[in-house]
Amino acid sequence: MSEVAGDQDFETRQIHAGAVIDAQTKARVTPIYQTAGYVFSDFDDGEDRFAGRSGFRAYSRNENPTNAVAGQRLANLEGGVDGIVVSSGQAAIAAALFTLAQAGDHILATRSLYEGTREMFRGALRRQGLQVEYVPDDADESEWASRVTERTRAIYTETIPNPLNQVVDLERLAGIAHAAGVPLVVDSTVATPYLCRPIEWGADIVIHSTSKWLAGHGSVIGGAIIDGGGFDWAANGDRFPHLVESPRPGVPSFVDRFGVSAYLGYLRTVTVLEYGPTVPPTSTFLLLHGIETLSLRMDKHVANALEVAEWLAEQPEVTAVSYPGLPSDPFHTRAQRYLPRGAGAVVTIDLAGGRAAARRFIDALELISPMTHIGDVRTLAIHLGSTIHAKLSEEERLEAGITPGLIRLSIGLESARDIVVDLARGLRAAAG
Ligand SMILES: *Cc1c(COP(=O)(O)O)cnc(C)c1O
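Under numbering that gives the first Met the number 0, the sequence shown has 171 at position 172, and the numbering climbs by one with no breaks.
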């Protein structure tokens, strides 16, 4: 089906993987298949499509040709066996976990995570009866093991946690997860498959907010889930009976039907079908355009981020710079191992003058956009304590490492010199 096999270089696959030339028009660019459904050729064809026995689709809620190309392309770039795109990063996280766990189940997670995820864990997921327990990611194996119960269904982490860049030890976490009989689920939004491919380090399921660097231009919201295909569901069937057991006599189990991509098969044909977190193919069209230039953009994003971080580290108004590309950063050694092409493009700084300095800094910026989002071609800045982390108490913020002067920068593709000029303007204002 796909025009490109898996043995080509990343730069080639980001352009070609998963693309299917439309048989009738031979359109070179993947078209926007703006349709709700697909005509059955006859009665039996309708039955076959509903049973999943046909190569053709039934309905765009979970199967659309434009979206399918993006799912296949991301699976290819991550080194997975199957992938799907959904309506947002948040939807991807919810769908990924709803495919593993049900009311009464338990998930272990590293502490440093995107605040939207933490909010979902303590809000919607808890109300659905899912319990998430945090473990410091440097806790030793025996501590992790002691937290695993018979209801544990996953270990959840982020490659480069947003916003503090505390790069995780993926290989160690994968070992801990597999010893416990559960998959390692990794939100790899900030790394992108160009900088790190968690599946190569043992991760089982990779999640993206495609709204960030994958789409890359700040124009769309989307998410993706990729199945690594390596987790042995059958060997852990007591935890995942919905994947391993036949739903009814004579009906194959998901493992029998989908083999190594049983997880994604369930996610596509049950979770996404039932909950309906569908991304419009118009958004996916823009996502595909973004992915085509991912490597070029990421090289420039990380070069700019490093140059800006080095400059920020020298400024007296800045008391701390979190950027693992800096040799002085506590996560530098880990970044060298997992992120040899660069440590992403989020640079988080703490201002000496706290919240008052942060207000003056944000209000003085002219080039840099004060807004929430990351992974845009434009450089963006946000004061965390008054926005993303504002729902937390002062105490909870400090526990999460969100100090009053903390500003997250998403370094864009403008010239590093012009970014620094604007930051210098902000820091002069911050100094008062
Ligand atoms: C932005 C973000 C999300 C949520 O993605 P949306 O597309 O905004 O729903 C999830 N994880 C991480 C790490 C993010 O940065």
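Using N, Cα and C, we set each Cβ at its ideal position, and we do this for glycine too.
Item, Value
"Would you kindly work out how many angstroms separate the C-alpha atoms of residue 310 and residue 274, rounded to a whole number?", "47 Å"
"Residue 151 bridges to which residues according to DSSP?", "105"
"Return the CA-CA distance between residue 33 and residue 283, expressed in angstroms with no decimal places.", "11 Å"
"Assuming the contact rule is C-beta atoms closer than 8 Å, residue 429 and residue 380 should be a hit. Round their C-beta distance to whole Å, please.", "No, residue 429 and residue 380 are not in contact; Cβ-Cβ is about 12 Å, not under 8 Å."
"Taking 8 Å as the cut-off, decide whether the C-beta atoms of residue 150 and residue 134 are in contact.", "no"
"If residue 374 and residue 409 are in contact, beta carbons under 8 Å, what's the gap, nearest whole angstrom?", "6 Å"
"Which term fits residue 23, buried or exposed, when burial requires 16 or more other beta carbons within 10 angstroms of its beta carbon?", "exposed"
"Tell me the DSSP bridge mates of residue 132?", "107"
"Pair every Cβ in the region 250-259 with every Cβ in the region 119-133, then say whether three or more of these pairs are closer than 8 Å.", "no"
"Are residue 84 and residue 190 closer than 8 Å when you measure CB to CB?", "no"
"So what does residue 382 bridge to, in DSSP terms?", "406"
"Using the three-state DSSP reduction, which class does residue 31 fall into: helix, strand or coil?", "coil"
"Am I right that residue 186 and residue 92 are in contact with their C-beta atoms under 8 Å? What's the rounded C-beta distance?", "7 Å"
"If you reduce the DSSP assignment to three classes, tell me which class residue 64 lands in.", "helix"
"How close, in whole Å, do the beta carbons of residue 343 and residue 208 come, if the pair is a contact with beta carbons under 8 Å?", "Between residue 208 and residue 343 the Cβ distance is about 13 Å, and since that is not below 8 Å, they are no contact."
"Quick one: Cα of residue 0 to Cα of residue 152, how far?", "Residue confidence is low: residue 0 scores 40 on pLDDT, short of 50, so the model does not pin down where it sits. Its coordinate-derived value is still stated next. For residue 0 and residue 152, the distance between alpha carbons rounds to 34 Å."
"What three-state label does DSSP hand residue 1 in the structure shown?", "Caution is warranted here: a pLDDT of 47 is assigned to residue 1, below 50, making its placement in the model unreliable, and no coordinate value can be reported."
"Could you check the C-alpha separation between residue 105 and residue 238 for me, to the nearest Å?", "11 Å"
"Which residue marks the beginning of the beta strand (DSSP E) containing residue 355, and which one marks its end?", "Per DSSP, residue 355 belongs to no beta strand (DSSP E); it is in the alpha helix (DSSP H), 353-363."
"Taking C-alpha atoms, which residue in 62, 161, 48, 76 lies nearest to residue 14?", "76"
"Comparing alpha-carbon positions, which option in 90, 140, 334 lies nearest residue 276?", "90"
"Under a Cβ-count criterion, where at least 16 other Cβ atoms within 10 Å of its own Cβ denotes burial, should residue 25 be classed as buried or exposed?", "exposed"
"Please list, in chain order, all residues of the same chain as residue 218 whose beta carbon is under 6 Å from its beta carbon, the five residues on each side excluded.", "285"
"Drop a sphere of 10 angstroms on the beta-carbon of residue 412, count the other beta-carbons inside from all chains shown, and report buried for 16 or more, exposed for fewer.", "buried"
"Roughly how many angstroms separate the alpha carbons of residue 161 and residue 417, rounded to a whole number?", "25 Å"
"Using only the alpha-carbon positions, how far apart do residue 10 and residue 269 sit?", "33 Å"
"Any heavy atom of ligand 1 inside 7 Å of the beta-carbon of residue 113?", "yes"
"Compare the Cα-Cα distances from residue 16 to each of 264, 348, 287 and report the closest residue.", "287"
"Tell me, please, whether the region 384-404 touches the region 352-368 by the rule of three or more beta-carbon pairs shorter than 8 Å.", "yes"
"Below 8 Å on the Cβ atoms is my guess for residue 318 versus residue 363; work out the distance and round it to an integer in Å.", "That belief does not hold up - the Cβ atoms of residue 318 and residue 363 are roughly 18 Å apart, past 8 Å."
"Going by the C-beta, is residue 161 closer than 7 Å to any heavy atom of ligand 1?", "yes"
"Going by beta-carbon coordinates alone, are residue 307 and residue 422 separated by less than 8 Å?", "yes"
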